[in-house]
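*Asks:*
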Amino acid sequence: MRRKLQLAVILLLLFLYIVLYYIPYKRTMEKTASASLGRVGDGARISSSTPILSSLSSPIIVVVTKSIQNRSDNKPIYNQTVKQTLDLMTLQREFDSFKIPDINCEGIIKGDPEALADSDQKRANVVPDDYTLIKHTANCDYFRKIYGYDEIINTDEEINFPIAFNILLYKEVAQVEILLRAIYRPQNYYCLHVDGFSPDHVHKAAKSLADCFDNVFIVSKTENVVYKSFQRLQADLNCMADHLAKPDWKYLINLPSQELPIKTNLEIVRILTAINDRNSIECITELKHMLSGRFLLKYKNKYYADGVHYSVVLTDDKNPPLPHGMKPVKGSAYGVFTRRFVNYIFNNQVAKDLLEWCRGVLSPDEYYWSTLNHNPHLQVPGSYEGSCKGVLSTYVNWQVTSNYTKCKGRVLRYICIFGPGDLQTLVSRKELFANKFILAYSYKAIQCLSEWLRNQTFSPQRIDEQFYESTF
Numbered sequence: 067m068r069r070k071l072q073l074a075v076i077l078l079l080l081f082l083y084i085v086l087y088y089i090p091y092k093r094t095m096e097k098t099a100s101a102s103l104g105r106v107g108d109g110a111r112i113s114s115s116t117p118i119l120s121s122l123s124s125p126i127i128v129v130v131t132k133s134i135q136n137r138s139d140n141k142p143i144y145n146q147t148v149k150q151t152l153d154l155m156t157l158q159r160e161f162d163s164f165k166i167p168d169i170n171c172e173g174i175i176k177g178d179p180e181a182l183a184d185s186d187q188k189r190a191n192v193v194p195d196d197y198t199l200i201k202h203t204a205n206c207d208y209f210r211k212i213y214g215y216d217e218i219i220n221t222d223e224e225i226n227f228p229i230a231f232n233i234l235l236y237k238e239v240a241q242v243e244i245l246l247r248a249i250y251r252p253q254n255y256y257c258l259h260v261d262g263f264s265p266d267h268v269h270k271a272a273k274s275l276a277d278c279f280d281n282v283f284i285v286s287k288t289e290n291v292v293y294k295s296f297q298r299l300q301a302d303l304n305c306m307a308d309h310l311a312k313p314d315w316k317y318l319i320n321l322p323s324q325e326l327p328i329k330t331n332l333e334i335v336r337i338l339t340a341i342n343d344r345n346s347i348e349c350i351t352e353l354k355h356m357l358s359g360r361f362l363l364k365y366k367n368k369y370y371a372d373g374v375h376y377s378v379v380l381t382d383d384k385n386p387p388l389p390h391g392m393k394p395v396k397g398s399a400y401g402v403f404t405r406r407f408v409n410y411i412f413n414n415q416v417a418k419d420l421l422e423w424c425r426g427v428l429s430p431d432e433y434y435w436s437t438l439n440h441n442p443h444l445q446v447p448g449s450y451e452g453s454c455k456g457v458l459s460t461y462v463n464w465q466v467t468s469n470y471t472k473c474k475g476r477v478l479r480y481i482c483i484f485g486p487g488d489l490q491t492l493v494s495r496k497e498l499f500a501n502k503f504i505l506a507y508s509y510k511a512i513q514c515l516s517e518w519l520r521n522q523t524f525s526p527q528r529i530d531e532q533f534y535e536s537t538f
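In the working numbering, the protein residues as written are 67 to 538.
Structural data, given as structure tokens:
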């Protein structure tokens with residue numbers, strides 16, 4: 067009698083789910099996916115053996131059906147099955163609650179005034195956070211399926227061109243997950259460096275996320291990072307060292323957690339192919355912009371009583387001249403690096419000597435990469451002679467630069483925090499990524515840019531190879 071009652075409860079739940087959720091949801095997915103599938107480019111493949119229309123819903127049917135088929139096994143499996151079914155339903159419902167309903171992203175991307183005005187009235191019911199991510203990644207199969215990782219389009223061209231990524235973060239792993247979802251491919255590698263000073267829940271969320279993938283990992287050595295300290299550079303180097311143990315990747319791109327791509331992975335692959343095994347690292351040589359006060363005198367870490375926390379302080383000691391006849395070149399903490407360049411950093415004495423010099427520099431991450439890349443006599447792999455070229459990796463709308471354009475979002479510490487009104491500009495930029503987005507403020511822009519990127523994946527665009535060959 068008890069088993070019959072349990073079976074009746076399961077069937078009732080299944081019936082309610084199909085009527086109230088599954089059928090309406092599938093109809094919506096069919097409308098969306100049928101339009102998208104017609105635009106998938108030649109050679110593209112979906113990273114799942116499950117048809118795109120049914121992949122989100124099929125686990126529920128399979129799990130319940132299995133429990134009914136096994137009803138003669140005399141095993142108490144029904145309660146567990148109901149719990150699994152409800153967990154998946156809850157995960158889908160909570161994931162859907164992150165989406166701002168009825169927002170006209172297509173109009174926003176085109177800069178339509180009516181769509182932008184209407185978006186001002188839209189709000190997310192729930193913004194994802196780290197605690198929710200920890201809960202959602204408790205079952206990795208469900209997480210990857212509901213969040214869309216199992217339906218990623220992956221072409222042969224991309225499969226044959228793996229990329230390594232460093233992602234440095236200190237908070238909001240939920241935003242890192244959005245970044246990861248936008249750039250994720252099974253053949254790529256992703257190193258997450260969580261600041262040693264970050265709260266425990268941030269470390270836990272990052273590990274829980276990484277544990278759901280074979281090619282996402284936590285850096286083997288964590289640094290306690292203070293703004294402008296040497297440890298900020300060391301954090302990137304630690305990830306790079308771990309990446310060198312991974313096979314086959316062609317380029318490495320280092321990212322902060324508050325960036326998003328403005329090119330699809332396929333476009334990134336084609337652009338990196340076009341620049342033909344060269345690095346793309348920012349280069350500033352004009353003396354007035356060199357900020358020489360950062361390196362003429364030595365800086366050091368001054369530790370507090372606990373022996374862990376510290377600040378970076380200026381000393382009276384002079385920094386020695388740069389080794390090996392180098393001239394200092396200022397740049398950015400971020401860049402696009404060939405594998406040969408990364409290998410050079412760890413295995414060439416010139417690079418090691420420059421790194422030692424950088425220990426006395428304020429913000430050494432803004433000098434190390436660029437100085438190596440833009441001293442031609444060093445003949446560093448991937449470097450080039452001649453004047454400084456454009457910056458490929460990241461677009462930042464700095465308020466203090468000559469090429470600043472009016473920020474439609476919010477300016478924070480002279481940097482534009484992108485909002486919906488900035489997206490029309492972003493999608494036309496030539497760089498690979500855009501910085502910066504803040505989850506709580508930029509959520510509408512993040513949702514619409516993510517939607518646009520997904521649509522671009524289904525409809526690949528040709529890149530201007532000649533432009534990238536000559537500019538970067």
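All C-beta atoms, glycine included, are put in the ideal place defined by N, C-alpha and C.
1. Quick one, are the C-beta atoms of residue 460 and residue 499 less than 8 Å apart?
2. Where do the N-terminal and C-terminal ends of the beta strand (DSSP E) with residue 220 fall, by residue?
3. Taking its Cβ as the centre, do 16 or more other Cβ atoms sit within 10 Å of residue 463, making it buried, or is it exposed?
4. Which residue marks the beginning of the beta strand (DSSP E) containing residue 232, and which one marks its end?
5. Out of curiosity, what's the CA-to-CA distance linking residue 415 and residue 401?
6. Please state whether DSSP places residue 139 in a helix, a strand or coil.
7. Among 340, 468, 526, 475, which one has its Cα closest to the Cα of residue 458?
8. For a minimum of 4 consecutive residues, which ranges assigned as the alpha helix (DSSP H) are wholly contained in the region 180 to 227?
9. For residue 360, name the three-state secondary structure that DSSP assigns.
10. Checking 8 Å against the spacing of the C-beta atoms, do residue 493 and residue 350 come in under that value?
11. Run the CB neighbour count on residue 346, radius 10 Å, all protein chains shown included, and call it buried at 16 or more, exposed below.
12. Taking the beta strand (DSSP E) that residue 475 belongs to, which residues open and close that run?
13. Closest by CA to residue 355, which one among 271, 314, 466?
14. Nearest to residue 365 by alpha carbon, out of 374, 373, 348, 386?
15. I'd like to know if the region 502 to 515 and the region 402 to 409 are in contact, where contact means that at least 3 CB-CB pairs between them fall below 8 Å.
16. Considering only their Cβ atoms, is the gap separating residue 321 from residue 526 smaller than 8 Å?
17. Between the alpha carbons of residue 375 and residue 427, how many angstroms are there, rounded?
18. In angstroms with no decimal places, state the Cα-to-Cα distance between residue 298 and residue 243.
19. How long is the line joining the alpha carbons of residue 390 and residue 417, rounded to whole angstroms?
20. Check for me: the alpha helix (DSSP H) holding residue 337 runs from which residue to which?
21. Helix, strand or coil, according to DSSP, for residue 532 in the structure here?
22. For residue 483, which residues of its own chain have a beta-carbon under 8 Å away from its beta-carbon, when the five flanking residues on both sides are left out?
23. Which class does residue 401 belong to by DSSP, given the choice of helix, strand or coil?
24. Sorry if obvious, but does the Cβ on residue 306 come closer than 7 Å to a heavy atom of the ligand GDP?
25. What's the C-alpha gap between residue 358 and residue 521?
26. Report yes if the C-beta distance between residue 233 and residue 215 is below 8 Å; otherwise report no.
27. Report buried or exposed for residue 452, applying the criterion of at least 16 other Cβ atoms within 10 angstroms of its Cβ.
28. Between the Cα of residue 199 and the Cα atoms of 272, 175, 445, 224, which residue gives the shortest distance?
29. From which residue to which residue does the alpha helix (DSSP H) around residue 273 run?
30. Can you tell me where the alpha helix (DSSP H) with residue 512 in it begins and where it stops?
31. Given a threshold of 16 other Cβ atoms within 10 Å of its Cβ, counted over all protein chains shown, does residue 373 qualify as buried or as exposed?
*Replies:* Taking the definition as stated:
1. yes
2. 219 to 221
3. buried
4. 229 to 235
5. 22 Å
6. Model confidence at residue 139 stands at a pLDDT of 40, short of 50, so the residue's coordinates are unreliable and nothing is read from them.
7. 340
8. 196 to 202, 206 to 212, 222 to 225
9. helix
10. no
11. buried
12. Segment: none, residue 475 is in no beta strand (DSSP E) and carries neither H nor E.
13. 466
14. 386
15. no
16. no
17. 19 Å
18. 21 Å
19. 10 Å
20. 331 to 340
21. helix
22. 473, 475, 476, 477, 502, 503, 504, 507, 508
23. strand
24. The ligand GDP is not part of the structure shown, which contains no ligands of any sort.
25. 45 Å
26. no
27. exposed
28. 272
29. 266 to 276
30. 505 to 524
31. exposed
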